[in-house]
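Residue 333 is where the sequence shown starts when you use this note's numbering, and the numbers rise one by one after that.
No residue lacks a Cβ here, since even glycine has one placed at the ideal position from N, Cα and C.
These numbers come from a predicted model, not from an experiment.
Heads up, the thing below is written out as C-alpha cells.
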Amino acid sequence: MEKEVTPKDWSFTSHIGADLRGIDLSGADLRRAVFDNADLEGANLSGADLRKASFKRANLMKAAFDGADMRGATFIKAKMNLSNFQGCRLDNADLRGIRGRYAIWRNANWWDSKMDDDLKKALSKKWPKEE
Numbered sequence: 333m334e335k336e337v338t339p340k341d342w343s344f345t346s347h348i349g350a351d352l353r354g355i356d357l358s359g360a361d362l363r364r365a366v367f368d369n370a371d372l373e374g375a376n377l378s379g380a381d382l383r384k385a386s387f388k389r390a391n392l393m394k395a396a397f398d399g400a401d402m403r404g405a406t407f408i409k410a411k412m413n414l415s416n417f418q419g420c421r422l423d424n425a426d427l428r429g430i431r432g433r434y435a436i437w438r439n440a441n442w443w444d445s446k447m448d449d450d451l452k453k454a455l456s457k458k459w460p461k462e463e
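Quick look at the structure:
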C-alpha cells in the first residue's frame with residue numbers, strides 16, 4: 333500500500349473546520365490559506381510558509397512550527413498549548429487570545445507580534461528578548 337503524499341502547495345486554499353490532526357505540512361506553502369476552526373492537533377508545520385494565513389479558533393495544540401515563517405498570520409483565539417515555535421518569524425502575527433503559555437518559543441521573535449499583555453508578560457519571563 334502506497335503512503336499518501338500530502339501536496340506541499342496549499343497557498344490560497346480554504347480548510348475551514350477541517351480535521352487535519354497529525355498532518356505533515358512541513359515545508360509547505362500555506363500563504364493566505366484559511367484554517368479557521370480547523371483541528372490541526374499534532375500537525376507538523378515545521379519550515380512552512382504561513383505568511384498571512386488564518387488560523388482563527390483553530391486547534392494547534394502539540395503542533396510543530398519550528399522555523400516556520402508566520403509573518404502577518406492570524407491565530408486569534410487559537411489553542412496553541414504545548415506547541416513548538418523555535419526559530420519562527422512572527423513579525424505582525426496576530427496572537428491575541430491564544431493559549432500558548434506552555435509552548436516553546438526559543439529563538440522566535442514573539443515580541444514583534446500582537447498578543448495579550450498577560451501572555452506577553454509570561455513569555456518575557458521565560459523567553460526574554462535577546463539584546
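1) Which of the three DSSP states is assigned to Ala-435 in this structure?
2) List the whole-angstrom C-beta distance separating Gly-419 from Gly-399, where the pair is believed to meet the contact cut-off of C-beta under 8 Å.
3) Output the residue ranges of the beta strand (DSSP E) runs that lie fully inside the region 358-428 and measure 3 residues or longer, sorted by chain position.
4) Mark Arg-363 as exposed unless 16 or more other C-beta atoms lie within 10 angstroms of its C-beta, in which case mark it buried.
5) Whose C-beta lies closer than 7 Å to the C-beta of Gly-349 among residues of the same chain, with five residues either side of it excluded?
6) Could you name the residues of the same chain whose beta carbon sits closer than 7 Å to that of Ala-380, not counting the 5 residues immediately before and after it, in chain order?
7) Whose C-alpha, out of Ala-454, Ala-365, Asp-341, is nearest the C-alpha of Thr-406?
8) With Lys-411 and Leu-427 assumed to form a contact (beta carbons below 8 Å), what rounded beta-carbon distance in angstroms separates them?
9) Per DSSP, which residues does Asp-351 bridge with? Please list them.
10) According to DSSP, simplified to helix, strand and coil, what is Ser-465?
11) Based on the DSSP output, what are the partners of Asp-356 in its beta bridges?
Based on what the coordinates show:
1) coil
2) That belief holds up - the Cβ atoms of Gly-419 and Gly-399 are roughly 5 Å apart, short of 8 Å.
3) Fully enclosed beta strand (DSSP E) runs of no fewer than 3 residues are not present anywhere in the region 358-428.
4) Here Arg-363 is buried, its C-beta having at least 16 other C-beta atoms within 10 Å.
5) Asn-369, Ala-370
6) Excluding five sequence positions before and after Ala-380, the CB atoms of its chain that fall closer than 7 Å to its own CB belong to Leu-357, Ser-358, Gly-359, Ala-360, Leu-362, Ala-400, given in chain order.
7) Ala-365
8) About 12 Å; that fails the 8 Å criterion.
9) Asp-371
10) Residue numbering for the chain in the displayed model covers 333 to 463; residue 465 lies beyond these limits and cannot be assessed.
11) Asn-376
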